[in-house]
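Visitor: For the record, the sequence lines run as chains A and B.
With the numbering used here applied, the first sequence has no gaps in its numbers, which climb one by one up to 136 at the end.
With the numbering used here applied, the second sequence has no gaps in its numbers, which climb one by one up to 272 at the end.
Ideal Cβ placement from N, Cα and C applies to all residues, glycine included.
One structure, as structure tokens, below. Some questions next.
There are 2 protein chains.
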Amino acid sequence: MTIIEKILSQKAVRITPMRQLLLEYLLQEQKPFGLTELENSFPKADRTTIYRTLKTFEEKGIIHSIYNKLGEVKYALCKEHCTTEHIDQHPHFQCEQCKQVTCIDNLVIPKMELPKGYLVQEITMLIKGICSDCQQ
Amino acid sequence: MTIIEKILSQKAVRITPMRQLLLEYLLQEQKPFGLTELENSFPKADRTTIYRTLKTFEEKGIIHSIYNKLGEVKYALCKEHCTTEHIDQHPHFQCEQCKQVTCIDNLVIPKMELPKGYLVQEITMLIKGICSDCQQ
DNA sequence: TAAGCTATGCAATAAAATTGCAAACTTATT
DNA sequence: AATAAGTTTGCAATTTTATTGCATAGCTTA
Chain A
1 MTIIEKILSQ KAVRITPMRQ LLLEYLLQEQ KPFGLTELEN SFPKADRTTI
51 YRTLKTFEEK GIIHSIYNKL GEVKYALCKE HCTTEHIDQH PHFQCEQCKQ
101 VTCIDNLVIP KMELPKGYLV QEITMLIKGI CSDCQQ
Chain B
137 MTIIEKILSQ KAVRITPMRQ LLLEYLLQEQ KPFGLTELEN SFPKADRTTI
187 YRTLKTFEEK GIIHSIYNKL GEVKYALCKE HCTTEHIDQH PHFQCEQCKQ
237 VTCIDNLVIP KMELPKGYLV QEITMLIKGI CSDCQQ
């Protein structure tokens, strides 16, 4: 039993060629990919199959998605501290129930010390949960 | 000169009815909206016009977008600390130049104390900038 | 092996973002 | 004031990404 097979069965995902291939690739590459990139890496596989494989992996906790998407882009007025570069901005909150997005204006996104060589231009933080209105 | 007009001219945005209306609305409502929501709030206005007005506002620093979009959703392998709920996960970095996304596995997204009544289920953090490979 | 659930491929749709172009409108210039 | 030049708007259309339906093929298990 390979490591790939071990992971899949541990996570209760049935072992299939597509899943083995995809997981192997992700393990090898060790970085995030978009659906289109993966589609190009597996020209023989169907886009839908890759898509659903990713969904399955995500559900079973083998992979995570970046952005756990918000749906459409939202726009909000800038505040004073909202510089052009949008560094040190406030976090945003989205309620899973009512889908409303709120600017958490009284919090500041903490500075992050990135590994050497990285230049930070902008940080965004999205907090998901249930807003006070939606807690019965 | 109204406050609306003042903001617009301060930000070097030409004053037009659409822009006045939209800015007034955003000032009044004080929360983020999606393009579709705004389209419904201004049935007489064209979607494209609203879209471009938002783009203009964003460019000129009157509003900001939530998510400053990543493009497509990316998928990455989970690490041990990657719980099902995805709380306390790591930040992600996207290079503006090469567009590559990286998991910053050695950093942890700091806990955030939200206003009373908010239930936090998931936090995501995206850092944009230039990666070490792209700094000549 | 037959029945039943699961995965895949193909086609199609849905939702969101974005562009091209021409008409309407503003502004600057003569 | 009239015209030229530039900007904004509306409409139509396209692109990109996400998602679903359905039929077929493949496992699994009684």
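Rounded to a whole number of angstroms, what is the C-alpha to C-alpha distance between B/Leu174 and B/Ile186?
Guide: For the purposes of this step, residue 174 of chain B is identified with residue 38 of the second sequence, where counting begins at 1. For the purposes of this step, residue 186 of chain B is identified with residue 50 of the second sequence, where counting begins at 1. In a straight line, the C-alpha of B/Leu174 is about 8 Å away from that of B/Ile186.
Visitor: Taking the DSSP output, what are the residues bridged to A/Tyr75?
Guide: Position 75 of the first sequence holds residue 75 of chain A. The partner list for A/Tyr75 (beta bridge, DSSP) reads B/Phe169, B/Ser201.
Visitor: Just curious, the alpha helix (DSSP H) that A/Phe57 is in, first and last residue?
Guide: In the first sequence, counting from the first residue as 1, residue 57 of chain A sits at position 57. That run of the alpha helix (DSSP H) goes 47-59.
Visitor: Look at the alpha carbon of A/Ile127 and the alpha carbon of B/Gln233, and state the distance between them as a whole number of angstroms.
Guide: As a position in the first sequence, residue 127 of chain A is number 127, starting the count at 1. As a position in the second sequence, residue 233 of chain B is number 97, starting the count at 1. Their backbone Cα atoms lie some 27 Å apart in a straight line.
Visitor: Does the segment 63-79 of chain A come close enough to the segment 106-114 of chain A to have 3 or more Cβ pairs within less than 8 Å?
Guide: no
Visitor: Once the 5 residues before and after B/Tyr203 are set aside, which same chain residues still bring their CB inside 7 Å of it?
Guide: Locating residue 203 of chain B in the second sequence gives position 67, where the first residue counts as 1. Same-chain partners within the cutoff: there are none.
Visitor: Based on DSSP bridge pairs, tell me the residues matched to B/Ile266.
Guide: Here the question's residue 266 of chain B lines up with position 130 in the second sequence. Its beta-bridge partners are A/Leu119.
Visitor: The beta strand (DSSP E) that contains B/Gln230, what's its start and end?
Guide: The residue labelled residue 230 of chain B in the question sits at position 94 within the second sequence. Segment 228-231, the beta strand (DSSP E) holding B/Gln230.
Visitor: Mapping the DSSP letters down to three states, classify A/Met18 as helix, strand or coil.
Guide: On the first sequence, residue 18 of chain A is found 18 positions in, with the first residue counted as 1. It is helical.
Visitor: Relative to the ligand FAD, is the shortest distance from any of its heavy atoms to the C-beta of B/Arg150 smaller than 6 Å?
Guide: The ligand FAD is absent from the structure shown, which contains no ligands of any kind.
Visitor: So, do the segment 13-30 of chain A and the segment 40-50 of chain A have three or more beta carbon pairs nearer to each other than 8 Å?
Guide: The segment 13-30 of chain A, when compared against the segment 40-50 of chain A, does touch it at the 8 Å Cβ threshold.
Visitor: Hey, is B/Gln257's beta-carbon within less than 7 Å of any beta-carbon in chain A?
Guide: To locate residue 257 of chain B, count along the second sequence from 1; it is residue 121. Cβ-Cβ to chain A under 7 Å: yes for B/Gln257.
Visitor: Nearest CA to the CA of B/Thr192: which residue from B/Ser145, B/His228, B/Lys235, B/Phe229?
Guide: Reading the second sequence from its first residue, position 56 is the one you call residue 192 of chain B. The shortest Cα separation from B/Thr192 among B/Ser145, B/His228, B/Lys235, B/Phe229 belongs to B/Ser145.
Visitor: Using a Cβ-Cβ cut-off of 8 Å (strictly less than) and excluding sequence neighbours within five positions of A/Arg14, which residues of its own chain qualify?
Guide: On the first sequence, residue 14 of chain A is found 14 positions in, with the first residue counted as 1. Same-chain partners within the cutoff: Leu8.
Visitor: Looking only at C-alpha atoms, which of B/Lys142, B/His200, B/Thr138 sits nearest to A/Glu122?
Guide: The residue you call residue 122 of chain A lines up with position 122 of the first sequence. Comparing Cα positions, the closest option is B/His200.
Visitor: Quick one: residues in its chain with C-beta nearer than 8 Å to the C-beta of B/Ile139, no 5 flanking neighbours on either side, listed in chain order?
Guide: On the second sequence, position 3 is the one that residue 139 of chain B refers to. Answer for B/Ile139: Leu163, listed in chain order.
Visitor: Closer than 9 Å by beta-carbon distance: list the chain A residues that pair up with B/Leu250, in chain order.
Guide: As a position in the second sequence, residue 250 of chain B is number 114, starting the count at 1. Within chain A, the residues near B/Leu250 are Pro91, Phe93, Ile104, Leu107, Ile127, Gly129.
Visitor: Alpha carbon to alpha carbon, how far is B/Met137 from A/His92?
Guide: The count along the second sequence starts at 1 and reaches residue 137 of chain B at position 1. The count along the first sequence starts at 1 and reaches residue 92 of chain A at position 92. If you take the alpha carbons of B/Met137 and A/His92, they lie about 33 Å apart.
Visitor: Once the 5 residues before and after A/Ile62 are set aside, which same chain residues still bring their CB inside 6 Å of it?
Guide: Reading the first sequence from its first residue, position 62 is the one you call residue 62 of chain A. Only Lys11 meet the Cβ criterion.
Visitor: For A/Thr102, I'd like the list of residues in its chain whose CB is within less than 6 Å of its CB, leaving aside the five on either flank, ordered along the chain.
Guide: Sequence index remark: in the first sequence, residue 102 of chain A carries index 102 (1-based). The answer, listed in chain order, is Phe93.
Visitor: Mind checking who B/Val237 pairs with in its DSSP beta bridge?
Guide: As a working note, residue 237 of chain B is residue 101 in the second sequence. Looking at the DSSP assignment, B/Val237 forms a beta bridge with B/Gln230.
Visitor: Apart from the five residues on each side of it in sequence, which residues of its chain come closer than 7 Å, Cβ to Cβ, to A/Glu72?
Guide: One-based indexing of the first sequence puts residue 72 of chain A at position 72. So the list is empty, once near-sequence residues are dropped.
Visitor: If we cut at 7 Å on Cβ distances, does B/Leu279 have a partner in chain A?
Guide: Residue 279 of chain B lies beyond the stretch modelled for chain B, which goes from 137 to 272, so this question has no answer here.
Visitor: Suppose contacts are defined by Cβ-Cβ distances below 7 Å. Is B/Leu255 in contact with A/Ile130 by that definition?
Guide: Translated into the one-based positions of the second sequence, residue 255 of chain B becomes position 119. Translated into the one-based positions of the first sequence, residue 130 of chain A becomes position 130. In this structure, A/Ile130 lies closer than 7 Å to B/Leu255 by Cβ.
Visitor: What are the boundary residues of the alpha helix (DSSP H) that includes B/Ile245?
Guide: Position 109 of the second sequence, counted from the first residue, corresponds to residue 245 of chain B. First-last for B/Ile245: undefined, no H or E at that position.
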